[in-house]
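1 is the number of the first residue of the sequence shown in UniProt numbering; add one for each residue after it.
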Amino acid sequence: MILNMMNLPVEFPEFFLPDCTLRRIHRRDVDAIFAGLSHPQVIAHYGVSYDSLEATGEQMRWYDELLEERRGIWWGIALPGREELVGACGFNDWSHADRSLDIGYWLMPEHWGRGLMQACLPTILNFALGTLGVHRIHADVEPENSASARLLERLGFLLEGTLRDVEYKNGGFLSLHQYSMLATDPAARVLLADDTPTLRPSCGRDAPALSALAQRSKAHWGYPEAWMEAWEAALTLTPAQLVGHYAVLAAANGSTLGFYGLERDEDGWKLEHCWVDPSAMMGGHGRRLVGHALAVARGLGVTTLAVESDPSAQAFYERLGARHVRDVSRPVCGEPRQLPVLEWQLGD
């Protein structure tokens, strides 16, 4: 990850999680932001609200200015494979001198109670504590917002006290509970020690590393050197391939563990280039990658997803719900070879 002198990545950090995607908020998301920040249930305990799309433009500018001025960073929350936002979370009021910032979040009511925020917030907290080097993360919670208080407490935030009548809202004074997490707190140390892989979209510059990973993974099965040379072109990815397709990689502690790609041709949607590095095999990473691919495919409206499998991987895909439908001939170096084709029926 490329960092500038204030520790904020030059390239916006996106995160692909099993239950949601955290991505940059764009001006085109104004409808979704307005829907959230005008919804009575959302703004009941939220400090910002708008009564028109035009007025919401102020919030869209605020998201951009946070990044431009290095005062914070906010992510839009989308379901896997979907573009529209269902919420947002992030940090603002970043004091570089004090290494502190404030956290905020909101979610559309139809998604409450599904654990989405519980899934999102550990990822951005880890980012703040680890990548940004923050020491203190602060949160304001209205006393009536018990759900938000419980969420923060489950994450390890501590209640420091209450600021009485600190704001004037809707014709009356409002008190705010003060929650915080320090980098030295036990909960923060657990977050920083978590080596659970994160999923992110691949980009053009990942092509050499992913090509090498695919070749290592294929060679792991003991194929003859002549066969590996014959497959070299097929196992070499180009930047254009990664940019033009749905390609996602899993990484932890700075190392890429595996990746997959979704492609569409005249025969339909296919799972392509699903590989796990040999050093990371048997760690559940392949299952996680395939599970994410299936979720993304469903979000795209795919009803049937096919995979042309290496024979050694057929049982793996079948354990994940794929059904063997046919074999295809793929001779190599003049020798006959049959590959199984499996399918997931996603419309059921």
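Each residue gets a CB set at the ideal place from its N, CA and C atoms; glycine is no exception.
Exposure of residue i, with buried meaning 16 or more beta-carbon neighbours within 10 Å
| i | result |
| --- | --- |
| V157 | As written in the sequence, residue 157 is Phe, which differs from the Val given in the question. It is buried - the Cβ of F157 has at least 16 other Cβ atoms within 10 Å. |
| A297 | buried |
| M282 | exposed |
| G171 | exposed |
| W221 | exposed |
| S52 | exposed |
| G334 | exposed |
| R205 | exposed |
| E272 | buried |
| L163 | exposed |
| V243 | exposed |
Under the three-state DSSP convention, the category residue i falls into
| i | result |
| --- | --- |
| M181 | strand |
| R150 | helix |
| S52 | coil |
| H138 | strand |
| F12 | coil |
| C120 | helix |
| A251 | strand |
| I77 | strand |
| C20 | coil |
| W221 | coil |
| residue 353 | Coverage of the chain is limited to positions 1 through 348, which leaves residue 353 absent and any answer about it impossible. |
| W112 | coil |
Cα-Cα separation between residue i and residue j, rounded to whole angstroms
| i | j | result |
| --- | --- | --- |
| D19 | Y50 | 28 Å |
| A183 | L121 | 15 Å |
| residue 375 | Q338 | Outside the modelled stretch of the chain, which goes from 1 to 348, sits residue 375, for which no answer is possible. |
| E232 | T56 | 51 Å |
| D98 | F91 | 15 Å |
| I73 | L237 | 32 Å |
| A280 | L257 | 6 Å |
| A247 | W344 | 19 Å |
| L101 | W75 | 15 Å |
| L342 | S312 | 13 Å |
| G321 | P80 | 19 Å |
| L192 | L125 | 9 Å |
| W275 | R319 | 17 Å |
| H324 | T21 | 31 Å |
| E54 | L107 | 21 Å |
| V332 | W227 | 7 Å |
Pick from the options that is closest to residue i, judged by C-alpha positions
| i | options | result |
| --- | --- | --- |
| Q241 | E14, A252, A207 and K270 | A207 |
| G47 | E54, I73 and L176 | L176 |
| L151 | R164, G104 and V30 | G104 |
| Q41 | H138, Q215, T162 and W112 | W112 |
| V328 | A78, A139 and S309 | S309 |
| A139 | A193, H45, Y223 and P197 | H45 |
| G160 | G299, S180 and F34 | Inspection of the sequence shows that residue 160 is occupied by Glu rather than by Gly. With distances taken between Cα atoms, E160 lies closest to S180. |
| R82 | L294, R70 and I43 | L294 |
| D185 | V134, C89, V166 and E225 | V134 |
| D165 | R114, G254, E142 and L155 | E142 |
| L17 | G36, A119, A147 and L174 | A119 |
| A149 | F127, G130 and Q178 | Q178 |
Residue i beta carbon near the ligand ADP (any heavy atom closer than 7 Å)
| i | result |
| --- | --- |
| V243 | In the structure on display, the ligand ADP does not appear, and there are no ligands present to speak of. |
Item to check | Cβ pair count under 8 Å reaching 3, the stretch 22-34 against the stretch 59-71 | outcome: yes
Checklist entry - Can at least three beta-carbon pairs, one atom from the stretch 297-308 and one from the stretch 209-225, be found at a separation below 8 Å? => result no
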